[in-house]
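K.L.:
Residue 430 in the UniProt record's numbering sits at position 430 of the sequence shown; the count goes up by one each step and never skips. Built from N, CA and C at the ideal position, the CB exists for glycine as well. Please read these numbers as outputs of a predicted model, since none were measured by experiment.
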Amino acid sequence: MNSEKPIRRKRMRDVHSCIPCHRRKVKCDRKLPCDSCNIKGLGKECFYSTPRKGEANVTTPNIYNREGVNHWRSSLRLQTRENKNIVPLPLHPQPKPMDYHALEDQESVLRHRGKGYRPSTESENGGVAAAPPNMMFARHQRGKAKFKGPSHWVLLAAEFEELSPFLFGKEQASDSINQQLRDLKQFYPVRAYRNYPFRGVSITPWTKEHVYSIVPPRDVADRFIENYFDSFEKTHRMLHRSVFAEEMQNFWNSPWSPNYEWLAQLLIMLALGCPTKDRLEDTRLIGTLLDGAEACLMQTRFMAKPTLTTIRVMTMMAIAKQIDLVSFDDSDGVWSFLGLIIRFALSMGLHRDPKWFESMSIFEAEMRKRLWTTLVFIDSQNSLESGMPLLLQSDDYDTPAPLNFKDDDLRDNSITDPTPEESDDVTESMFQIILSRSFPTVLNIIRRINRPLDAEGYRMVLEYEAQIRDLLQMTGKIYRSSKTKDVAFSGDMSWKDFQRMTLEIYLRRALLALHLPFFTTADAATLYPTSHWSALESSLAIIVIQRTLYEERTDPTSIEWFAELFKGDFFLAGLFVALGIRRKSFKTTTPPPENRLAEAEIASHTLDACLAIWASKVGISADHFKSHLTLGVLIAAIKSDEWKKPLAVAMEEVAATTIATVTASMEKRVNGGSPIVLPP
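1) In whole angstroms, give me the CA-to-CA distance for residue 681 and residue 541.
2) Of the choices 257, 383 and 664, whose alpha-carbon is the least far from that of residue 152?
3) Per DSSP, what kind of secondary structure is residue 616 in: helix, strand or coil?
4) Taking contact to mean at least 3 C-beta pairs separated by less than 8 angstroms, is the segment 619-634 in contact with the segment 563-575?
5) From the DSSP output, read off the bridge partner residues of residue 628.
6) How many whole angstroms separate the CB atoms of residue 662 and residue 625, which I take to be in contact at a CB cut-off of 8 angstroms?
7) Let me make sure I understand the geometry here. Which of 665, 668, 291 and 660 has the alpha-carbon closest to that of residue 181?
8) Skipping 5 residues on each side, what residues in its chain have a beta carbon closer than 8 angstroms to that of residue 410?
9) Using the rule of at least 16 other Cβ atoms within 10 Å of the residue's Cβ for burial, across every protein chain shown, is residue 498 buried or exposed?
10) Got a sec? Which residues, its chain only, sit under 6 angstroms from residue 601 by beta carbon, not counting five neighbours each side?
11) So the alpha helix (DSSP H) residue 351 belongs to, where does it begin and stop?
12) Measure the alpha-carbon distance for residue 464 versus residue 396 and round it to whole angstroms.
13) Near residue 139, which residues of its chain fall below 6 angstroms by C-beta distance, leaving aside the five closest residues on each side in sequence?
14) Determine the extent of the beta strand (DSSP E) in which residue 146 is found, giving its start and end residues.
15) Which residue wins for smallest C-alpha separation from residue 613, given the options 549, 664 and 582?
16) Select from 236, 38 and 144 the residue whose C-alpha is nearest the C-alpha of residue 562.
17) Can you tell me the Cα-Cα spacing of residue 29 and residue 37, whole angstroms?
18) Rounding to the nearest angstrom, what Cα-Cα distance links residue 353 and residue 368 in this structure?
19) Taking DSSP as the reference, what is the three-state secondary structure of residue 264?
20) Within the chosen definition, does the segment 275-286 reach the segment 247-261 through at least 3 CB pairs nearer than 8 angstroms?
21) For residue 378 and residue 310, I'd like the C-alpha separation in whole angstroms.
22) Tell me the start and end of each unbroken alpha helix (DSSP H) in the segment 323-407 that is at least 4 residues and wholly inside, in chain order.
23) Just to confirm before moving on: does the CB-CB distance between residue 388 and residue 568 stay below 7 angstroms?
24) Are the Cβ atoms of residue 159 and residue 512 separated by less than 7 angstroms?
25) Alpha carbon to alpha carbon, how far is residue 224 from residue 620? Give it in angstroms, no decimals.
26) Name the one or two DSSP bridge partners that residue 140 has.
27) Would you tell me roughly how many angstroms separate the C-alpha atoms of residue 432 and residue 370, rounded to the nearest one?
28) If we ignore side chains and look at the alpha-carbon of each, how far apart do residue 21 and residue 518 end up?
29) Is it right to say residue 504 is buried, meaning 16 or more other beta carbons lie within 10 angstroms of its own, or is it exposed?
30) So, at 8 angstroms on beta carbons, what are the nonlocal neighbours of residue 400 in its own chain, with the 5 sequence-adjacent residues on each side left out?
31) Can you list, in chain order, the residues of its chain with a C-beta nearer than 7 angstroms to that of residue 227? Leave out the 5 residues immediately preceding and following it.
32) Excluding five sequence neighbours on each side, which residues of the same chain lie with their C-beta closer than 7 angstroms to the C-beta of residue 303?
33) DSSP on residue 481, reduced to helix/strand/coil?
34) Can you check the segment 192-265 for any alpha helix (DSSP H) of at least 4 residues that lies completely inside it and give the ranges in chain order?
This is the structure we're talking about:
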């Protein structure tokens, strides 16, 4: 430390006012919403960062209020009297062991159907297969237009037309249960970080002294930073570990020396690296770090003169939005936010080969390559999930992939290029090298699906299919034949496992988007056999990855960062499998040997395991609750005949089970871990 006056850390006092009143420094009556927010028209934005204890004027049940839990207990009592089988799904699912040999057999069968994945565009009668209709979701209601493109999950869910009344609350017979489902929103925090990081000027004076006061103690901060490098930095590479360690040491020695853009980077890294356990123990910690990162970013000139650091900060913020760390309904805004970040990157020339910048150091050139590769990756991934077109095309940039060498071989003052490793050695850079090879195909797929389709274009679909299959095969071969010794990640999985799974999910998600318009057509197995079987095989493979993550972990929370990055892909894959089961695409006969499961049984068990995993996550956000409910409704629709129950009855039972599951999850938090016991 310098000889300057010591920095005093501020105590983290409980904030009893609602957040809008606290920011405006006005009196709050502690209602929900409070009178002050109602008068200013901010009723929907009124929320509390801490539990409201002993308040007589709290009339709305919520997660922090024991009265809220008792309210749901009483509402469930009537349901359990009518149907004693209504119980919450397990919060820590233990699915039946998967017969992976049978699954491999099934994938092999699916892979070879449709003329070996290289069928022609001709239908069975010898004519050219008709082009599918242009896929989109377009709605205009009450002066508001809503649009989703051809890769969005809502287009697949729309195939279950008979479920529309139950999914959208239009079935009169289920008005009561639908109202109870809508009331579940009281269990989830009000959206506090909409439009992050552009919410307006904070009233808090974010001086460097104040920033230092909110940074956790050094041992805690170092643990959070280490967790960030062992997780997000493995799949979204933007930094150099040794160089950042030196910068952190300088920060601890002199907290006033870093500029605001570096401080913003530090705070958002701490937020992303905060383990789930710490996040639940101190619910205000993440909010404070996010506020600080936003305030520090606003004190830079990122709009006019962005730097590598400010672009890294905003990319990390996009990741935080994607995993619902910022807001529980803000993930749809990632695509728009990334468009701004991409334009900042273009203004710095990140899309051009560093060789055009004569005086640029080798270190800076590699950092630019890493950042650009991560930007294209996250932008294309969110384009697929949101169903929206890309700002970039494959011929808009010429930035090459990073070189295949280890971080220790690259120094900030390097004069000559480090010696690259052998082509089959998996260094930390190999992941981005494979990503860069896949970008031309994936970006062309996204461009293709957002244009009008025609029969002739199906030949291009087959070409893209073959290219993705080659990339999948190359990825598996490289990671299997790795000569380097695995570095333990968190016990039972290495960082290379997460990189391999990320690549497989990313490439298979591109296949699902490519084939979705053809998969949803009538008689797809006949007209478009490649699309039909490729989509089913890829969706099953994605769900198996999700299941493997949770089965091979003693502590499921240690992989939440990875599961949240790809939750949209896992959900969409479940919809594909559900539609395949509904269409009876899977064989019901048992292949040899006789103890193997039939295709239909494997698909059904896989989908049930997917539902159980979503049940364990319903307490995270309203989005997770909606995903769990949607999957439950689809499964009930598929199995209603097997259960010998009318569809309406099956839907009400699913809704009641979902209510019980959410209630159990929320009471477990209130009771500090003890599960709910339903009344008799």
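P.N.:
Reading from the atomic positions:
1) For the chain, the structure presents residues 1 to 680; residue 681 sits outside this window and is missing.
2) Position 152 of the sequence shown, counted from the start, is the residue given in the question as residue 152. When only C-alpha atoms are compared, the closest one is 383.
3) Mapped onto the sequence shown, residue 616 falls at position 616. Three-state DSSP puts residue 616 in coil, outside helix and strand.
4) As far as the Cβ criterion goes, the segment 619-634 touches the segment 563-575, which means the pair count is three or higher.
5) On the sequence shown, position 628 is the one that residue 628 refers to. Residue pairing by DSSP leaves residue 628 without any beta bridge partner.
6) Your numbering for residue 662 matches position 662 in the sequence shown. Your numbering for residue 625 matches position 625 in the sequence shown. A Cβ-Cβ separation of about 6 angstroms places residue 662 in contact with residue 625 under the 8 angstroms criterion.
7) Position 181 of the sequence shown, counting from 1, holds the residue named residue 181. Looking at the Cα atoms, 660 is the closest of the given residues.
8) Position 410 of the sequence shown holds residue 410. The answer, listed in chain order, is 240, 362, 363, 366 and 418.
9) Here residue 498 is taken as the residue at index 498 of the sequence shown, counted from 1. Looking at its Cβ environment, which holds 16 or more other Cβ atoms inside 10 Å, residue 498 is buried.
10) Start at 1 with the first residue of the sequence shown, and residue 601 comes out as number 601. Once the five neighbours on either side are set aside, residue 601 has no close Cβ partner at all.
11) In the sequence shown, the residue the question calls residue 351 occupies position 351. Element bounds for residue 351: n/a, residue is neither H nor E.
12) By 1-based counting over the sequence shown, the position of residue 464 is 464. By 1-based counting over the sequence shown, the position of residue 396 is 396. It is roughly 19 angstroms from the alpha-carbon of residue 464 to the alpha-carbon of residue 396.
13) Numbered from 1 along the sequence shown, position 139 holds the residue referred to as residue 139. Excluding residues within five positions, the ones whose Cβ falls inside 6 angstroms are 146.
14) Here residue 146 is taken as the residue at index 146 of the sequence shown, counted from 1. If you look at residue 146, you'll find it in the beta strand (DSSP E) that goes 144-148.
15) For the purposes of this step, residue 613 is taken as the residue at position 613 of the sequence shown. For the residues 549, 664 and 582, the minimum Cα distance to residue 613 belongs to 549.
16) To locate residue 562, count along the sequence shown from 1; it is residue 562. For the options 236, 38 and 144, the alpha carbon positioned closest to that of residue 562 is the one of 236.
17) To locate residue 29, count along the sequence shown from 1; it is residue 29. To locate residue 37, count along the sequence shown from 1; it is residue 37. In a straight line, the C-alpha of residue 29 is about 10 angstroms away from that of residue 37.
18) Here residue 353 refers to the residue found at position 353 when the sequence shown is read from its first residue. Here residue 368 refers to the residue found at position 368 when the sequence shown is read from its first residue. Rounded to whole angstroms, the separation of the alpha carbons of residue 368 and residue 353 is 9 angstroms.
19) Here residue 264 is taken as the residue at index 264 of the sequence shown, counted from 1. Reduced to three states, the DSSP call for residue 264 is helix.
20) The segment 275-286 vs the segment 247-261: no contact.
21) Locating residue 378 in the sequence shown gives position 378, counting from the first residue. Locating residue 310 in the sequence shown gives position 310, counting from the first residue. Whole-angstrom Cα-Cα distance: 17 angstroms.
22) If we require 4 residues or more, the alpha helix (DSSP H) runs fully inside the segment 323-407 come out as 334-347 and 362-386.
23) Here residue 388 refers to the residue found at position 388 when the sequence shown is read from its first residue. Here residue 568 refers to the residue found at position 568 when the sequence shown is read from its first residue. No, the Cβ-Cβ distance between residue 388 and residue 568 is not below 7 angstroms.
24) Along the sequence shown, read from residue 1 onward, the residue named residue 159 stands at position 159. Along the sequence shown, read from residue 1 onward, the residue named residue 512 stands at position 512. In this structure, the beta-carbon distance from residue 159 to residue 512 does not fall below 7 angstroms.
25) Here residue 620 corresponds to residue number 620 of the sequence shown, with the count starting at 1. Here residue 224 corresponds to residue number 224 of the sequence shown, with the count starting at 1. Going by the C-alpha atoms only, they are around 20 angstroms apart.
26) Start at 1 with the first residue of the sequence shown, and residue 140 comes out as number 140. Per DSSP, 145.
27) Reading the sequence shown from its first residue, position 432 is the one you call residue 432. Reading the sequence shown from its first residue, position 370 is the one you call residue 370. Going by the C-alpha atoms only, they are around 8 angstroms apart.
28) Here residue 21 refers to the residue found at position 21 of the sequence shown. Here residue 518 refers to the residue found at position 518 of the sequence shown. For residue 21 and residue 518, the distance between alpha carbons rounds to 52 angstroms.
29) If you number the sequence shown from 1, residue 504 lands on position 504. That one is buried.
30) To locate residue 400, count along the sequence shown from 1; it is residue 400. Excluding positions up to five away in sequence, the list reads 353, 369 and 436.
31) Mapped onto the sequence shown, residue 227 falls at position 227. The answer, listed in chain order, is 273 and 275.
32) Start at 1 with the first residue of the sequence shown, and residue 303 comes out as number 303. Annotation for residue 303: no residue places its beta carbon closer than 7 angstroms to its own, counting only its chain and skipping 5 residues before and after.
33) In the sequence shown, counting from the first residue as 1, residue 481 sits at position 481. DSSP places residue 481 in coil when its eight states are reduced to three.
34) Runs of the alpha helix (DSSP H) inside the segment 192-265: 208-214, 218-229, 232-235 and 241-253.
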